[in-house]
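A.B. asks: Mind looking over this structure? Questions follow.
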Amino acid sequence: MEAVRRFISSFGLPRLLITVFLLLLFAVAPMVGVDLPSSLSDVLIRVGMNGIMVLAMVPMIQSGCGLNFGLSLGVLAGLLGSTISIETGAVGMAGFLTAILVGQGFGALFGFGYGKLLNRVKGGEMMIATYVGFSSVMVMCIAWVVLPFKSPTMIWGYGGSGLRTTISVEGFWRHILDDFLAFRLGQGFKVPTGALLVFLLVALAVWAFFHLKLGTAITAVGLNPTYAKASGININRMRIISVMMSTMLGALGIVVFQQSFGFIQLYDGPLYMAFPAVAAILIGGASVNKATLVHVIIGTMLYQGILTMTPEVFNAVLKIDMSDVIRVIVSNGMILYALTRTMKVAK
Amino acid sequence: MEPILSLRGIGKRFFANRVLADVSFDVAPGEIVGLVGENGAGKSTLMKILFAMPEINETGGFEGTILFNGHPARFKDSFDALDAGIGMVHQEFSLIPGFTTTENILLNRESVNRSFLVDIFGPRINGLDRAAMDDRSRKAIAKLGVALDPDMLIKEMPVGHKQFTEIARELCRERVKLIVLDEPTAVLTESEAEVLLGTLRLLAAEGIAIIFISHRLREVVELCDRVVVLRDGRKIQDFPARGTSIKEIASLMVGRSVEAQAKVDAESELRSVNAGTEGERPILEVEGLWVDMPGETVRSVNLLVRRGEILGIGGLAGQGKLGIANGIMGLMPAGGSVLLNGVPLPLNAPRAVLDRSMAFVSEDRRGVGLLLDEGIDWNIAFTAMQVQDKYVRPLLGGLFKWRSDSAMVQLAQEYIQLLEIKCTGPKQRAGALSGGNQQKVCLAKAFALRPDVLFVSEPTRGIDIGAKHLVLETLKKYNHEYGTTIIMVSSELEELRSICDRIAIVYEGRIEGILPHTEPLEHFGILMAGADRDERPAPAGGES
């Protein structure tokens, strides 16, 4: 009994419940006529789509800036990258890389300003980040209309100016990673090798970064800023680096997302992009001030697993669409849980 | 005369830690009693007991009895004590800045115009009778013998007037028989302090008893009828102030331990092997240093540190001794001039100071000294890694610096052995270690830098005797083996005298004097109490 209790407290009750719930869904799925192989395949594809954006949470958590509720800023940088890439007309890998590179440039720029701002509000980063995310999306809503894009793929058919709300990347770089080295097992089970490989590669790079002297310094800033200062670390610079990294990962993440999803979503598309990523890393077991790659990988799989499986099973059983309700409950509930847990520690 | 207050065998322990034992003394009406003692001697605990502060009851009450006005008094809370006729003037002001003098003096005891609405809404709805209030506060102010403006806002007042307002507030209570003043002159200028002392004499003449707590022994000797000296929670002496001297009180305060003196003498030959001579250029030259450290303000420190010596910095809490180390190391805003080996040292730049081969062991172990959630290896190696690129492997021709976990573990193991750190291994979380072992980790962190100059701040605070001894021995050994100049800040004079060559005493943000460790204790005591210049012992071998 004691062992069970200890296991639950170390694994975390919500994480345990979600795991059990997910396993239950998998167990029930074949009985209600859901195609399990294709569902599993969906889960993998979604992990590849969303993984990097979850990874984007890690640098800021490590540096003590908390959860990056302003991930939308990175997403916006990525959107600028993709739209500019399409404007140049580059297709295939060239277009995809252009989107990433331009996105990284904007990500670095936005991240620097965002980092400067967060350095002024130490202690209240997460709240400020949320508003940075929301307001920057709204500012860009204006920008998408007035920016001088010309490519007929992207602008409204009538009027001849302003970008559309959704832009297809069909013919540009759709599924460029998902289809790379992809293979099928049996009927419906397809593994998106390329996307998963890129996710793991980026994860490895983040892991390696935090094994460098610089990464170690950033971690120390997150653990105890005064300790870091006494060791001669420039706290503000370290925080800015971490925020820039987070924003740039967000920019990369959205481009990878688009190649799999097939569309660029503008206007208020990025508005709630941060919340699923925040929820995923928290489900993985991260806290507001500690996150590892294990948290990222487990969290992404659990969260995306729930997201994929719930509608399939519920639709089959109840004939109603509960997916969005479950998604909102799980992601916001998880965020709420994690935040209350830190309050307790802080006391 | 019947004493207004008698304390009989007062004792207090906070769990296993005894802070007061068998303290008894009387205060007669109209008498001024000076209560003196070092920090931690038990003065404030005694006053907290008198005022029935909640932390006393929460930690198991106290021993002994208090007789007030001839009756045993067990106040339930501070309001009870106030009602009985005891007034308290705190060191920190408890005034409302946006209220006038009158409003502050009469807060919660205002004169009111009764209105019929009271029957419906209760006494909170009463209107204020401004004229009567004005009258009452003017009377209270008149007793002070100082011209306070009753209508001035507190925030616009000079510091001295705030202090007088506090006293007026206590005076204006009816039936006030005893006033306790805790360091009332600490924030006052000399002339303001003079006026205050005059006021207190006036009050005493009216029959009000006064307990005067102060570190300024000159004032105590001048003002008080009787002096009670506390040391380590015990009453050491209770004698008439007339005919005593600052020197006598000071030596009673710090105590005179024959044993410790003998130990100091025996070890004295050991220490000066490395210490440079007076003629040599000092390794560290500090001039006009000010440091804005909350509660430990440094105003203007001039200090020369000889190469290879162990210099102690002592003084009472709040006088600025901690500020010196924190300021030079760049952790607190500072100004002035600091030369290391004759070359100016940039202030407010922790990295630049570390680059110049200086290191610091902070007094705030858990806040500044450690990464509580990381292992011993990280804690020890981190600073050396960041500052000196130790424990890293260059990758791709030095483009990346890869952290070498194995080198860090090896380093940690080395110091675990050397300093006898009790732990389960190099990966144990620093937060899980005991205080003494945490301190050793902090020292190891500084040693790993191989510094030329090492600042150590309160190295033995809150650790047990065994660990204390080992920490001091380690410092001494390090000084001998590597010739490291060590500047040790501590509030324990005995400890400073046991390892330092010279000891500088800080008073009110300035170096009051520097004495060799062989000087008798009372000389240090006088410097700590900020004695007048003519009473200071001749500075033997010290510069200030």
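Heads up: the protein sequence lines correspond to chains A and B, in order.
For the first sequence, the working numbering begins at 1 and goes up steadily by one.
For the second sequence, the working numbering begins at 348 and goes up steadily by one.
Here a beta-carbon is modelled for each residue, glycine too, at the ideal position from N, C-alpha and C.
From a predicted model like this one, the values you see are computed outputs, not experimental measurements.
1) Can you tell me where the alpha helix (DSSP H) holding Asn236 (chain A) begins and where it ends?
2) Please name the residue, chosen from A:Arg15, A:Thr83, A:Glu87, A:Val139, that lies closest to Gly333 (chain A) on a Cα-to-Cα basis.
3) If you measure beta-carbon to beta-carbon, which residues of the region 113–125 of chain A are closer than 9 Å to chain B?
4) Grab me the residues of Gly545 (chain B)'s own chain with a C-beta within less than 7 Å of its C-beta, minus the 5 sequence neighbours each way, in chain order.
5) Which parts of the region 488–535 of chain B are runs of the beta strand (DSSP E), unbroken and 3 residues or longer, counting only runs that do not cross its ends?
6) Going along chain B, which residues have a C-beta under 9 Å from Gly232 (chain A)?
7) Quick one: residues in its chain with C-beta nearer than 6 Å to the C-beta of Val638 (chain B), no 5 flanking neighbours on either side, listed in chain order?
8) Can you check whether the CB of Ile240 (chain A) is closer than 9 Å to the CB of Ser168 (chain A)?
9) Can you give the Cα-Cα distance for Ser538 (chain B) and Phe511 (chain B), rounded to whole angstroms?
10) Please report how far the alpha carbon of Asp137 (chain A) lies from the alpha carbon of Val198 (chain A), in whole angstroms.
11) According to the Cβ coordinates, are Ile443 (chain B) and Ile501 (chain B) closer than 9 Å?
12) Using a Cβ-Cβ cutoff of less than 8 Å, which residues in the same chain neighbour Glu2 (chain A) once the five nearest sequence positions on both sides are dropped?
13) Give a yes or no on whether the minimum CB-CB distance between Val788 (chain B) and chain A is below 9 Å.
14) Between Asp496 (chain B) and chain A, is any beta-carbon pair separated by less than 9 Å?
15) Excluding the five sequence neighbours on either side, which residues of its own chain have a C-beta within less than 7 Å of the C-beta of Thr98 (chain A), listed in chain order?
16) Do you know offhand how far Thr821 (chain B)'s Cα is from Ala672 (chain B)'s?
17) Are any of the Cβ atoms in chain A nearer than 9 Å to that of Glu606 (chain B)?
18) Under 8 Å by Cβ, that's how I've got Phe183 (chain A) and Ser38 (chain A) pegged, so tell me the actual separation to the nearest angstrom.
19) Taking C-beta pairs closer than 7 Å, name the residues in chain B that Tyr348 (chain A) reaches, listed in chain order.
20) Specify the secondary structure class of Tyr854 (chain B) as computed by DSSP and reduced to three states.
21) Whose Cβ in chain A lies nearer than 9 Å to the Cβ of Asp639 (chain B)?
22) For Leu650 (chain B), which residues from the same chain have a beta carbon less than 7 Å from its beta carbon, with the 5 sequence-adjacent residues on both sides left out?
23) Counting only beta-carbon atoms, is Leu352 (chain B) nearer than 9 Å to chain A?
24) Report the partner residues of Pro587 (chain B) according to the DSSP bridge assignment.
25) Report buried or exposed for Ile555 (chain B), applying the criterion of at least 16 other Cβ atoms within 10 angstroms of its Cβ.
26) Please tell me whether Ser231 (chain A) and Leu701 (chain B) are closer than 9 Å, where the distance is taken between their beta carbons.
27) Taking the Cβ atom as the reference point for each residue, do Gly432 (chain B) and Asn455 (chain B) lie within a distance shorter than 9 Å?
28) Rounded to whole angstroms, what's the CA-CA distance from Ser287 (chain A) to Cys65 (chain A)? Just pull it up for me.
29) Considering only C-alpha positions, which residue in the set A:Asp324, A:Gly92, A:Val4, A:Ser82 is nearest to His102 (chain A)?
30) Is it the case that the region 102–114 of chain A contacts the region 240–253 of chain A, given that we only count it when at least three CB pairs across the two stretches are under 8 Å?
31) Residues of chain B with CB under 7 Å from Leu223 (chain A), in chain order?
32) With a threshold of 9 Å between beta-carbons, can Asp430 (chain B) be considered close to chain A, or not?
33) Is Arg750 (chain B) close to chain A? Criterion is C-beta to C-beta, closer than 9 Å.
34) Within 10 Å of its beta-carbon, does Val605 (chain B) have 16 or more other beta-carbons around it, so buried, or fewer, so exposed?
35) In chain order, what residues of the same chain lie with their CB nearer than 8 Å to the CB of Leu43 (chain A), ignoring the 5 residues before and after it?
36) So which residues on chain A does Val739 (chain B) lean against when the C-beta distance must stay under 7 Å?
C.D. replies: Quick look at the numbers:
1) 235–261
2) A:Arg15
3) Answer set for the region 113–125 of chain A: empty.
4) Gly492
5) 525–529
6) Gly677, Ala696, Pro697, Arg698, Ala699, Val700, Leu701, Asp702, Thr730, Gln733, Val734
7) Val645, Gly670, Gly674, Met679, Ala681
8) It is not a contact, given that the beta carbons lie outside the stated cut-off.
9) 13 Å
10) Contrary to the premise, residue 137 (chain A) reads as Val rather than Asp in this sequence. In this structure, the alpha-carbon of Val137 (chain A) lies about 27 Å from that of Val198 (chain A).
11) yes
12) none
13) no
14) no
15) Answer for Thr98 (chain A): Ser85, Thr88, Ala90, listed in chain order.
16) 20 Å
17) Confidence is the limiting factor: at Glu606 (chain B) the pLDDT is only 43, short of 50, which leaves the residue's position unreliable, though a coordinate-based value still follows. For Glu606 (chain B), the answer is no, since every Cβ of chain A falls outside 9 Å of its Cβ.
18) Contact doesn't hold; Cβ gap of about 15 Å is too wide.
19) What is shown of chain A runs 1 to 347, which leaves residue 348 (chain A) out entirely.
20) strand
21) Per Cβ cutoff of 9 Å: no residues; Asp639 (chain B) is ~16 Å from chain A at best.
22) So the list reads Val633, Ala851, Ile858, once near-sequence residues are dropped.
23) no
24) Residue pairing by DSSP places Pro587 (chain B) opposite B:Arg573 in a beta bridge.
25) With 16 or more other Cβ atoms within 10 Å, it is buried.
26) Cβ distance < 9 Å, so Ser231 (chain A) and Leu701 (chain B) count as in contact.
27) No; because the gap between Cβ atoms is not below 9 Å, this pair is not in contact.
28) 12 Å
29) It is Val, not His, that sits at residue 102 (chain A) in the sequence shown. Minimum Cα distance to Val102 (chain A) is reached at A:Ser82.
30) Yes, the region 240–253 of chain A is in contact with the region 102–114 of chain A.
31) Leu718, Asp720, Glu721
32) no
33) yes
34) Caution is warranted here: a pLDDT of 39 is assigned to Val605 (chain B), below 50, making its placement in the model unreliable, and no coordinate value can be reported.
35) According to the sequence shown, residue 43 (chain A) is Val rather than Leu. Here the set comprises Met301, Gln304, Gly305, Thr308, Met309.
36) Lys213
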